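Colleague:
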Amino acid sequence: NLDSLLIKHYFSAKTFQDISSILDWDEKMYKILSSYANKEKIQIGISKLRSGINALFTYQAPAIQLDGKLHLFRAKNAQENDDCNLNLYCKRSVNINIYPDLKLRELLDSYSLSSDINNLICYEHFDAAVTSPDQYSAMENNLKTRQI
Numbered sequence: 001n002l003d004s005l006l007i008k009h010y011f012s013a014k015t016f017q018d019i020s021s022i023l024d025w026d027e028k029m030y031k032i033l034s035s036y037a038n039k040e041k042i043q044i045g046i047s048k049l050r051s052g053i054n055a056l057f058t059y060q061a062p063a064i065q066l067d068g069k070l071h072l073f074r075a076k077n078a079q080e081n082d083d084c085n086l087n088l089y090c091k092r093s094v095n096i097n098i099y100p101d102l103k104l105r106e107l108l109d110s111y112s113l114s115s116d117i118n119n120l121i122c123y124e125h126f127d128a129a130v131t132s133p134d135q136y137s138a139m140e141n142n143l144k145t146r147q148i
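In the UniProt record's numbering, the protein residues as written are 1 to 148.
(1) For ASP3, which residues in the same chain have their Cβ closer than 8 Å to its Cβ, ignoring the five residues on either side in sequence?
(2) Using a 10 Å radius around the Cβ and a threshold of 16 neighbouring Cβ atoms, would you call PHE73 buried or exposed?
(3) Going along the chain, which residues of its own chain have a beta-carbon closer than 7 Å to the beta-carbon of LYS8, five neighbours each way excluded?
(4) Mind checking whether ASP67 and LYS91 have CB atoms under 9 Å apart?
(5) Going by DSSP, what residue range makes up the beta strand (DSSP E) through ILE98?
(6) Quick one: any contact between the stretch 73-87 and the stretch 101-119, if contact means 3 or more CB pairs under 8 Å?
(7) Who are the Cβ neighbours of THR131 in its own chain at under 6 Å, not counting the five residues just before and after it?
(8) Assign CYS122 to one of two classes, buried (16 or more other C-beta atoms within 10 Å of its C-beta) or exposed (fewer than that).
(9) Measuring CA to CA, which of LEU23, ASP109, TYR59 and LEU113 is closest to ILE96?
(10) Counting C-beta neighbours from all protein chains within 10 Å, is the total for ILE46 16 or more, i.e. buried, or is it exposed?
(11) Thinking C-alpha only, which one of TYR10, LEU23, ASN54 and ALA55 is nearest LEU33?
As structure tokens, then:
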């Protein structure tokens, strides 16, 4: 149960035992947060987290497949043909980009990932270059040198 896992993770075992018989989420939160000074902020935060996780579990992909290009960025140890089943949702094949030297956390924090994404925006969406002509020119020159 998601509610139980969230409570176990963010609050003490004793707190979890104290509210285990309560079924309603709001009642559980009221009882748990009664001893906290900043209960409103905690209530909002944990409820948003719960809502977001529930949305992930209940997500239903649309029946119509995505027609655009999809780029998947993966960390080291990812297999070259593992597109995380995104091919089920796309008409085109998924472009898998693996960074073999980076773990997931390192990849998310890396400059190379953000740079590659920004380059894709300029390359795949030429109208995005209107706000950054210098970046577009650099990308265009880079692509021309790769083609030679």
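All C-beta atoms, glycine included, are put in the ideal place defined by N, C-alpha and C.
Keep in mind the model is a prediction, meaning the values are calculated, not measured.
Modeller: In this structure, then:
(1) Taking the first residue of the sequence shown as 1, we reach residue 3 at position 3. Here the set comprises TRP25, LYS28 and ARG50.
(2) Position 73 of the sequence shown, counting from 1, holds the residue named residue 73. Answer is buried; the Cβ neighbour count reaches 16.
(3) For this step, residue 8 is matched to residue 8 along the sequence shown. If we look at LYS8 and ignore the five residues flanking it on each side, its Cβ neighbours are PHE16.
(4) As a working mapping, residue 67 is identified with position 67 in the sequence shown. As a working mapping, residue 91 is identified with position 91 in the sequence shown. In this structure, LYS91 lies closer than 9 Å to ASP67 by Cβ.
(5) In the sequence shown, residue 98 corresponds to position 98, counting from 1. From DSSP, the beta strand (DSSP E) with ILE98 extends over 95-98.
(6) yes
(7) Here residue 131 refers to the residue found at position 131 of the sequence shown. Note that THR131 scores a pLDDT of 48, beneath 50, so its modelled location is shaky and nothing firm can be said.
(8) Taking the first residue of the sequence shown as 1, we reach residue 122 at position 122. By the neighbour-count rule (16 or more Cβ atoms within 10 Å), CYS122 is buried.
(9) One-based indexing of the sequence shown puts residue 96 at position 96. The candidate whose alpha carbon is nearest that of ILE96 is LEU113.
(10) As a working mapping, residue 46 is identified with position 46 in the sequence shown. Looking at its Cβ environment, which holds 16 or more other Cβ atoms inside 10 Å, ILE46 is buried.
(11) Numbered from its first residue, the sequence shown carries residue 33 at position 33. Checking every option, the nearest Cα to that of LEU33 belongs to TYR10.
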